[in-house]
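Participant:
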Amino acid sequence: MPGQRRIDELAAATGGRVIGDPSMLINGIASIEDAGEGDITFVSDKRHMKLIGSCRASALILSETEAPPKDGSQGFTLLLVKNPMLAAARILELFSPVEPPPPGIHPRAEVHPDAKLGAQVSIGALTIVEKGASIGERTVLMPGVYVGSRAEIGADSIIYSGVVIRERCKIGARAIIHCNAVIGSDGFGFTPDGSRSYKIPQNGIVRIEDDVEIGACTTIDRATIGETVIGSGTKIDNLVQIAHNVRIGAGSIIVAQVGIAGSATIGERVVIGGQSGINGHIKIGTGAQIGTRTGVIKSLDSGDAHLGFPSMPRGDWLRSQSIFAKLPELKKRLRELEERVKSIEGAKDN
Amino acid sequence: MPGQRRIDELAAATGGRVIGDPSMLINGIASIEDAGEGDITFVSDKRHMKLIGSCRASALILSETEAPPKDGSQGFTLLLVKNPMLAAARILELFSPVEPPPPGIHPRAEVHPDAKLGAQVSIGALTIVEKGASIGERTVLMPGVYVGSRAEIGADSIIYSGVVIRERCKIGARAIIHCNAVIGSDGFGFTPDGSRSYKIPQNGIVRIEDDVEIGACTTIDRATIGETVIGSGTKIDNLVQIAHNVRIGAGSIIVAQVGIAGSATIGERVVIGGQSGINGHIKIGTGAQIGTRTGVIKSLDSGDAHLGFPSMPRGDWLRSQSIFAKLPELKKRLRELEERVKSIEGAKDN
Amino acid sequence: MPGQRRIDELAAATGGRVIGDPSMLINGIASIEDAGEGDITFVSDKRHMKLIGSCRASALILSETEAPPKDGSQGFTLLLVKNPMLAAARILELFSPVEPPPPGIHPRAEVHPDAKLGAQVSIGALTIVEKGASIGERTVLMPGVYVGSRAEIGADSIIYSGVVIRERCKIGARAIIHCNAVIGSDGFGFTPDGSRSYKIPQNGIVRIEDDVEIGACTTIDRATIGETVIGSGTKIDNLVQIAHNVRIGAGSIIVAQVGIAGSATIGERVVIGGQSGINGHIKIGTGAQIGTRTGVIKSLDSGDAHLGFPSMPRGDWLRSQSIFAKLPELKKRLRELEERVKSIEGAKDN
């Protein structure tokens, strides 16, 4: 069967060891529910451990520090590893069905003669690379990408179809930018001119450091002056809005549909849950954890965990929110108490 | 006048009957406010019934079970039907100004020789169909679409400009996908690797069943393993985010800017109001009604109606919310009561 | 140095006057923090006035009505103007690095012979202009734009890459439409047909008046019948959803990720904060101010300022919200009061 791998190959790739037949042939990696004979599977969430009993996989990735599951583990060949999710990620790579496009420039790509192309770049059909742009070695521009004049993309990146990178923006190495994302659109800046909104030119750029991933239809606006910056290793999901002059530190995680307003500064390793918003001109400290659907209107310190709108420390918000759900009861208790006090007052007056 | 239709033609198309002259010529269908002489109109919302008096249309679609409006109906030729909105939809079809592009492959489309094209497909300029992709009969790919390798699109679909359908994704028959939507972008999956976020490859696909409509700039991520599924007849509005491994049942309605997190399961005929969010890994039962701007963090049963964040049964949230609006008053009553109790306690001590 | 300008040129362009050497050469305009020798800077926010002391700029834009800063102003050449932000905007224009593409039609643009092109239009590579479309004088269509049949764009507009303007939509003069925005996608309209959702054809259009700016990945749906209208001078940020038959008045500001549901009417000079939502079929009066993350479910009068969901007058919401944050304390006070009343009641009974 094409694509089969011996389980000891998987062990070598993941730094793990096999308990069982090292020559077992693995067809693929599948979820606990969907895995069939010949598959290897993994437990991404401990709550799924109970599904192991009915799982039809042939092999199981397990943490070397955890006991094998009580029921059914005898039936599995085991791959013991330090970090099961990381091992699963590496095995997913081995079984990836992705066929990267071969290096070369499609005859119907539109590459300006003054663009600088690194070795072994791959540029798809109907992709446009404007004057003075530079594309790093081995970088793939899928079909239908637009790279503006003097924009720079580092090595080993992949830019998917429909992405627009406007002029002069800089993107680091190993970037992954998903379909229809926009890098370097104008910031939303106007100033009143007596009768109307006068456009403030957005002369700056977006600078994206190395190892950043950006989701589909996410928009990152260029700075008014200077740079909008996305720090190295930061991962941004789909449909996120990042306004002009925002600076995001390294290693942060921004979940889908978040909006970050102009000139906000986000620290390193900050996590922002989906559909949350960050006000402009505030600072979010290193490692802050912002929950889902949260609206942060004031600066946060390092390590703060916030929820709600306006955001509050996580525990405070949960406490207030649990009382919110019981406001009708609280109101009733207050009314009863008013009656009782009135009755006491009445008695006293007699 | 080109495009005119006799009202008995409209009756035939809608299964209705005419009260008045069956040979009346109708120029078009218009809203109550905008209709002029020669137009037919309809009442989409009973609150608009009061506008009938000043309406200048020549004909009016009415439910056969409702009495004609008291004032003014004498002036109208009536088209009595079972379902006025459905009749209006069919008459809108008859008067549609849309000119579907003729079948054929534009000389500047970029169709791989190994793609499979059904009879009478229409493929626009600068549209790309990659190796091994298949396009069903009579399907229209407007100009500027991208269909990845081995992707499949069923018959009688229309894919609008700027849509990207990534490799191996499957789309059913009679699909309508609006401009700049993205089908099959990578799911947002990372696992900590000591110092950084390690990308979990997204090897799965998106599978969209028949009769699905997907809005502009909506993003549907491919599964990590297996499939992200959109059930038949489900309608999705603009700027919606659907994460990896989400499964949506048949006949659901997802309004604009909703976000559904990874591995959530949405039942059949669920309605999700605009700007709402659904947490990952939860289940929403058949026919649940989720309000606008609602954040659902726990699984819902069939038929549940929820609002708020974290979401609550609709009535509960409305009650709590109405008290929220009066919290200053509640607080004042509490303070007064404290004073009164203090005064009682003082009197008692004397 | 190329691009240098004498400060008296800047004064002429902004209607200001120089205090200091009128022949001073200015290299560029920069923020207070980033400005270096030879730069001119400005104070966009009074809170930044304290940074003036350590600023290394050579020149400073100041309001002619404000006193120069106490510390450090001696070191600057001053440009005194009526409106410093407006002056900064004009100086940003002078130093803009943007090189507008020259007029002309790229040989690989796809312009239908029946399209009407004004004088000096610029049409980029792989841009499509369909049959019967018209493009006004000096308008720029960047590479990779799609203009549908019979769509109209006024003079002096710029349409960025990836924008799709569907058939018959009308766009005024001096429009700026950012990358991957969609104008004229179908409205989200369905009517139950016994078993399923029947599509209501969206026969109308979008009409955008003059001087409108529309953000990246923003979607504006065409009307079911008639027009979705964006009034002149209105500015719309990224990732905004505007549903069918919405009408927005002149001079409004719609911040990122807002959603406006079908048939809502927004007055003139309304401001809607980021991530807010407006229900369908309601009216927002002239000059209303809607905060960030606000959900408006009822019509608002002119000048109303609202916050929250469901939205409330700004001050009311802030008061309720401040008590929400203290609900645990309120609950505790209620419990204590209950104890005290119980104790009084007990004493009385003895």
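Chains as they are written, first to last, in this note's numbering: chain V, 1 to 350; chain U, 1 to 350; chain F, 1 to 350. Here a beta-carbon is modelled for each residue, glycine too, at the ideal position from N, C-alpha and C.
#1: Note down, in chain order, each residue of its chain lying with its Cβ closer than 6 Å to the Cβ of V:E130, except the 5 sequence neighbours on either side.
#2: Is the number of C-beta pairs between the stretch 29–43 of chain V and the stretch 98–105 of chain V that are closer than 8 Å three or more?
#3: What are the residues of the stretch 239–257 of chain V that lie near chain U, defined by any Cβ-Cβ distance shorter than 8 Å?
#4: State the CB to CB distance for the pair V:I290 and V:I272, rounded to an integer number of angstroms; the pair is presumed to be in contact (CB under 8 Å).
#5: Which residue from F:T65, F:G215, F:S232 and F:Q4 puts its Cα closest to that of F:S96?
#6: Anything in chain F within Cβ reach of U:D237, meaning under 7 Å, just list it in chain order.
#7: To the nearest angstrom, how far is it from the Cα of F:R168 to the Cα of F:P201?
#8: Note down, in chain order, every chain F residue with its Cβ under 9 Å from the Cβ of V:A261.
#9: Buried or exposed: which applies to V:S157, given that a residue is buried once 16 or more other Cβ atoms fall within 10 Å of its Cβ?
#10: Determine, using beta carbons only, whether F:I200 comes closer than 9 Å to chain U.
#11: To which residues does DSSP link F:A305 through a beta bridge?
#12: Cα-Cα, which of U:A30, U:K82 and U:S31 is closest to U:V18?
#13: Using a Cβ-Cβ cut-off of less than 8 Å, give me the residues of the stretch 278–307 of chain F that come near chain V, in sequence order.
#14: On the DSSP letters alone, give me the boundaries of the beta strand (DSSP E) that U:G184 sits inside.
#15: Do the CB positions of U:I128 and U:G154 come within less than 9 Å of each other?
#16: In whole angstroms, what is the alpha-carbon distance linking F:R340 and U:R47?
#17: Can the beta-carbon of V:D217 be found less than 9 Å from the beta-carbon of F:C217?
#18: Compile a chain-ordered list of the residues in the stretch 45–70 of chain V whose CB is closer than 8 Å to at least one CB of chain F.
#19: Using a Cβ cut-off of 8 Å, which residues of the stretch 11–45 of chain V contact any Cβ in chain C, in chain order?
#20: Kindly say whether U:I214, judged by its beta-carbon, lies nearer than 9 Å to any beta-carbon of chain V.
#21: At 4 residues or longer, and completely inside the stretch 3–87 of chain V: list those alpha helix (DSSP H) runs for me, N to C.
#22: Which residue's Cα is closest to the Cα of V:R174: V:I159, V:V164 and V:V182?
#23: Could you tell me whether the Cβ of F:V206 comes closer than 9 Å to any Cβ of chain U?
#24: Assuming U:S197 is part of the beta strand (DSSP E), what are its boundary residues?
#25: Is F:I282 helix, strand or coil by DSSP?
#26: Taking the runs of the beta strand (DSSP E) that are 3 residues or longer, which of them lie wholly in the stretch 154–241 of chain V?
#27: What is the DSSP secondary structure of U:S252, reduced to helix, strand or coil?
#28: Kindly list, in the order they appear in chain F, the residues whose Cβ is closer than 9 Å to that of V:V129.
#29: Could you tell me whether the stretch 196–212 of chain U touches the stretch 187–194 of chain V, where touching means 3 or more Cβ pairs closer than 8 Å?
#30: Let me make sure I understand the geometry here. Which of U:E152, U:L92 and U:L80 has the alpha-carbon closest to that of F:A223?
#31: Between the Cα of F:S23 and the Cα atoms of F:A12, F:S31, F:A30 and F:I32, which residue gives the shortest distance?
#32: Taking V:N203 and U:Q241 to be in contact with their CB atoms under 8 Å, please state how far apart those CB atoms are, rounded to whole angstroms.
#33: For U:R247, name the three-state secondary structure that DSSP assigns.
#34: For U:E152, is the classification buried or exposed, using 16 other Cβ atoms within 10 angstroms of its Cβ as the cut-off for buried?
#35: Let me know the secondary structure DSSP gives F:L330 once reduced to three states.
#36: Take the Cβ of U:L62 as the centre, count every other Cβ of all protein chains shown within 10 Å, and call the residue buried at 16 or more, exposed below.
Facilitator: For this structure:
#1: Result list for V:E130: H112, G148 and S149, in chain order.
#2: Here the stretch 29–43 of chain V makes no contact with the stretch 98–105 of chain V; the two share fewer than three CB pairs at distances below 8 Å.
#3: Within the stretch 239–257 of chain V, the residues whose Cβ lies closer than 8 Å to some Cβ of chain U are L239, G251, I253, V255, A256 and Q257, listed in chain order.
#4: V:I272 and V:I290 do touch by the CB rule: their CB atoms are close to 5 Å apart, below 8 Å.
#5: Just measuring C-alpha positions, the residue of F:T65, F:G215, F:S232 and F:Q4 sitting nearest F:S96 is F:Q4.
#6: Result: F188.
#7: Straight-line Cα distance between these residues: approximately 15 Å.
#8: Under the 9 Å cutoff, chain F gives V255, A256, G274 and T292.
#9: Burial of V:S157 is indicated by the presence of at least 16 other C-beta atoms within 10 angstroms of its C-beta.
#10: Yes, contact with chain U.
#11: F:A305 is bridged to F:Q289.
#12: Checked all of U:A30, U:K82 and U:S31; the closest Cα to U:V18 is U:K82.
#13: If you check each beta-carbon in the stretch 278–307 of chain F against every beta-carbon of chain V, the ones closer than 8 Å belong to T292 and R293.
#14: Where U:G184 is concerned, the enclosing beta strand (DSSP E) stretches over V182 to S185.
#15: No, these two residues do not count as a Cβ contact at 9 Å.
#16: Approximately 53 Å, taken between the alpha carbons.
#17: Per the sequence shown, residue 217 of chain V should be read as Cys rather than Asp. Taking 9 Å as the Cβ cut-off, V:C217 and F:C217 qualify as a contacting pair.
#18: Listed by position along the chain: nothing, the set is empty.
#19: Absence of chain C from the displayed structure is noted, the protein chains being V, U and F.
#20: By this cut-off, U:I214 is not an interface position.
#21: Here the runs fully enclosed are 7–14.
#22: The residue with the shortest Cα to Cα distance from V:R174 is V:I159.
#23: With 9 Å as the cut-off, F:V206 does not count as an interface residue toward chain U.
#24: For U:S197, the enclosing beta strand (DSSP E) has its first and last residue at R196 to K199.
#25: DSSP places F:I282 in coil when its eight states are reduced to three.
#26: Counting only runs of 3 or more, we get 182–185, 190–193, 196–199, 205–208, 219–221 and 227–230.
#27: In the three-state reduction of the DSSP assignment, U:S252 falls in the coil class.
#28: Neighbours of V:V129 across chain F, judged by C-beta separation under 9 Å, do not exist; the nearest C-beta is about 10 Å away.
#29: When Cβ pairs closer than 8 Å are counted between the two stretches, the stretch 196–212 of chain U is seen not to touch the stretch 187–194 of chain V, the count staying below three.
#30: Of the candidates U:E152, U:L92 and U:L80, the one whose C-alpha sits nearest the C-alpha of F:A223 is U:L92.
#31: Restricting attention to F:A12, F:S31, F:A30 and F:I32, the CA atom closest to the CA of F:S23 is found in F:A12.
#32: Not a contact, Cβ separation roughly 32 Å.
#33: U:R247 falls in the strand class under three-state DSSP.
#34: Answer is buried; the Cβ neighbour count reaches 16.
#35: Of the three classes helix, strand and coil, the one that applies to F:L330 here is helix, per DSSP.
#36: Buried, by the Cβ-count rule.
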